[in-house]
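In our numbering, the protein residues as written are 173 to 344. By construction, the Cβ of each residue, glycine as well, lies at the ideal position given by its N, Cα and C atoms. Right, one structure below, let's go through it.
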Amino acid sequence: LLAGVIVVGDVVLARTLGASGKGGFTLLVLLAQVAALVVGLGLDRALGVVIPRSREAARRGAANVLVWTAVVGGLGTLVIALLAQPGDGRSPFLALPGVTPWQTVLGALALTGEMAFGMGLVALLARRRLVAYNAVRLVRRGSLIATIVAVALVSRLELEAALLLNLVSLAV
């Protein structure tokens with residue numbers, strides 16, 4: 173079911189954003205996801221070991237990872253945003269093909285959300301909540317596709333709007 177939603181979502185994105193817009197969306201979403209893996213240093217994955225030990229260990233571990241996510245995710249977003257901005261007469265250090273510096277900043281805003289989302293998924297797996305794990309992934313992707321379709325039905329969907337809708341899907 174999840175694979176079907178992903179395929180439908182990719183088709184909807186390609187039809188509404190066009191080939192270059194879909195490419196830009198994918199590039200920026202992956203930028204946030206890869207940055208989340210790098211700056212997370214595997215702490216969210218460590219929860220998979222800590223959570224089954226005891227309720228107290230799970231609380232302490234989750235609290236530490238949440239603080240790390242907020243601080244490092246916020247700093248990572250700031251660094252990406254600064255690297256994406258052009259300077260005096262020079263191009264940005266982080267110049268991504270087919271996307272503007274502002275679009276890169278919008279994509280980077282998802283970094284902290286991606287870190288928190290990954291932490292939540294690992295916590296569900298550690299508690300052996302496989303149905304909830306898959307349901308959360310399905311709801312995230314489904315809410316993204318539903319909001320993209322809704323926006324596309326009432327107006328022309330732009331890459332910036334799709335990136336904002338990705339942020340909304342992380343909050344759901």
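Work out the CA separation of Leu-247 and Arg-232 for me, nearest whole Å. Within the sequence shown, numbered from 1, the residue matching residue 232 stands at position 60. Within the sequence shown, numbered from 1, the residue matching residue 247 stands at position 75. Arg-232 and Leu-247 have their C-alpha atoms some 23 angstroms from each other.
Do you know offhand how far Ala-235's Cα is from Ser-226's? Within the sequence shown, residue 235 is the residue found at index 63, counting from 1. Within the sequence shown, residue 226 is the residue found at index 54, counting from 1. Using only the alpha carbons, I get a separation of about 14 angstroms.
Can you tell me whether Gly-270 is buried or exposed? The criterion is at least 16 other CB atoms within 10 Å of its CB, across all chains shown. Against the sequence shown, residue 270 aligns to sequence position 98. So Gly-270 counts as exposed.
Which word fits Ala-282, buried or exposed, when buried means at least 16 other C-beta atoms lie within 10 angstroms of its C-beta? The count along the sequence shown starts at 1 and reaches residue 282 at position 110. Using a 10 angstroms sphere on the CB of Ala-282, the tally of other CB atoms reaches 16 or more, which defines it as buried.
Classify Ile-223 as helix, strand or coil using the three-state DSSP reduction. Along the sequence shown, read from residue 1 onward, the residue named residue 223 stands at position 51. If DSSP states are grouped into helix, strand and coil, Ile-223 belongs with coil.
Spatial distance of Arg-312 from Gly-181 (CA atoms): The residue labelled residue 312 in the question sits at position 140 within the sequence shown. The residue labelled residue 181 in the question sits at position 9 within the sequence shown. Each residue's CA atom was taken as its position, placing Arg-312 and Gly-181 some 12 angstroms apart.
Please state the DSSP three-state secondary structure of Arg-145. The structure shown does not extend to residue 145, since the chain is modelled only from 173 to 344, so the question has no answer here.
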